[in-house]
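This report concerns only the one structure given below.
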Amino acid sequence: MQTIAKTMAARPMTSIALAAVVLLVSVGITKVAGDDSRNAGSSKGNDMARAGDLVVEVCKNMSSDILKNKVHFDQEPCISVLRSDNSSAMAKDHGDLVMVAFDLLEHRSKEIVSKIDSFLHGLKVHNWTERAFRYCAADYAAMLHTIPLCRDIFLDVKPMGTKADQFAAMMALNCVDRLGMATRDCSLWLVNNWDYDQVEAFDNVTSHVSLTWGLIEMATGTLDDHSNW
Numbered sequence: 709m710q711t712i713a714k715t716m717a718a719r720p721m722t723s724i725a726l727a728a729v730v731l732l733v734s735v736g737i738t739k740v741a742g743d744d745s746r747n748a749g750s751s752k753g754n755d756m757a758r759a760g761d762l763v764v765e766v767c768k769n770m771s772s773d774i775l776k777n778k779v780h781f782d783q784e785p786c787i788s789v790l791r792s793d794n795s796s797a798m799a800k801d802h803g804d805l806v807m808v809a810f811d812l813l814e815h816r817s818k819e820i821v822s823k824i825d826s827f828l829h830g831l832k833v834h835n836w837t838e839r840a841f842r843y844c845a846a847d848y849a850a851m852l853h854t855i856p857l858c859r860d861i862f863l864d865v866k867p868m869g870t871k872a873d874q875f876a877a878m879m880a881l882n883c884v885d886r887l888g889m890a891t892r893d894c895s896l897w898l899v900n901n902w903d904y905d906q907v908e909a910f911d912n913v914t915s916h917v918s919l920t921w922g923l924i925e926m927a928t929g930t931l932d933d934h935s936n937w
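See the structure below:
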C-alpha cells in the first residue's frame with residue numbers, strides 16, 4: 709500500500725515538472741523568434757539608412773563642382789526627385805540609382821508628351837507656336853525610344869562599377885547626351901515661340917537628364933566634359 713501511495717503521489721509531480729519544461733521551451737522559442745524578428749527589422753532599417761545616406765551623398769555631389777561636366781542639381785530638389793521613387797530606398801550603389809534616374813526620366817518624359825498633345829489639340833491656328841510644339845513632339849517621341857536603349861547600354865557596364873570599360877561607359881554617356889540635346893532643343897523652340905514663363909516644366913526634364921548623366925559618371929568613374937546640351 710505504501711508503494712502504491714508513493715507511485716500515485718509521484719505522478720502529479722512528474723506532470724508538473726513536464727509542464728514546466730514545456731513552458732520554458734515555449735518561452736525560449738518565443739524569445740528567439742522575437743530576437744530574429746528584431747534583427748531582421750534592424751537589418752532592413754540599416755539597409756534603408758544606407759540607401760538614404762547614398763541619396764544624400766549623390767545629391768551633395770550633384771550640387772557641387774565635383775563632376776567635371778557642368779552637371780548641376782541643387783541638393784534638396786535632387787533628394788526630393790530621387791526619393792519620389794520608392795526603389796531609391798533600396799539602392800545599394802550609384803548604379804542602382806542610375807536605374808532609378810532612368811525610370812524617373814522616362815516617367816517625366818511621358819508626362820511631357822501628354823502635355824504637348826494637349827497643347828496641340830488646343831491650338832486652332834497654324835503658327836510658330838504650333839510648329840514649336842510639333843518640333844517638341846518629335847523630340848520627345850524619339851526620347852521615349854532612346855531611353856530604353858540608354859538603359860540597356862548602361863546595364864552592360866553597371867556590374868563593373870568604377871572598373872567599367874571606359875569605351876562602354878562613354879557610350880552610355882553619349883546616349884544620355886542625345887536625350888539632353890532633345891530636351892534642350894525643345895526648350896529653345898518654346899522659349900522663342902511661346903510663353904517663356906511656362907517653359908520651366910520642359911526645362912525640368914533637362915534637369916532629370918543631368919541627374920542621370922551625373923549618376924552614370926559617379927557609377928562608372930568616367931568623367932566627360934563634352935556634353936552637347
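Residue numbers (our numbering): 709 to 937. Every residue gets a Cβ at the ideal spot worked out from N, C-alpha and C, and that includes glycine.
Closer than 8 Å to chain B by CB, residue i
i           : result
residue 767 : Absence of chain B from the displayed structure is noted, only one protein chain being present.
Limits of the alpha helix (DSSP H) - the one that residue i falls within
i           : result
residue 806 : 802 to 830
residue 792 : It is not in any alpha helix (DSSP H) - residue 792 carries neither H nor E in the DSSP assignment.
residue 782 : Premise fails: residue 782 is in no alpha helix (DSSP H) and is neither H nor E.
residue 849 : 836 to 865
Residue i burial status per 10 Å Cβ neighbour count (16 or more: buried)
i           : result
residue 848 : buried
residue 922 : buried
residue 910 : buried
residue 866 : buried
residue 822 : exposed
residue 932 : buried
residue 872 : buried
residue 915 : buried
residue 875 : exposed
residue 802 : buried
residue 887 : buried
residue 881 : buried
residue 985 : Since the first residue of the chain shown is 709 and the last is 937, residue 985 is not available in this structure.
Whole-Å CB distance - residue i paired with residue j, under 8 Å assumed
i           : j           : result
residue 884 : residue 930 : Incorrect: roughly 12 Å between the Cβ atoms, too far for contact.
residue 852 : residue 817 : 6 Å
residue 769 : residue 878 : So it is not a contact: roughly 20 Å between Cβ atoms.
residue 783 : residue 771 : 4 Å
residue 808 : residue 790 : 6 Å
residue 843 : residue 767 : Actually they do not touch by this definition, with Cβ atoms about 32 Å apart.
residue 862 : residue 924 : 6 Å
CB of residue i within 8 Å of CB of residue j, strictly
i           : j           : result
residue 845 : residue 898 : no
residue 806 : residue 787 : no
residue 928 : residue 837 : no
residue 891 : residue 907 : no
residue 855 : residue 810 : yes
residue 813 : residue 917 : yes
Exercise. Where are the beta strand (DSSP E) runs, 3 residues long or more, that stay fully inside the region 890 to 921, in chain order?
Worked result: none
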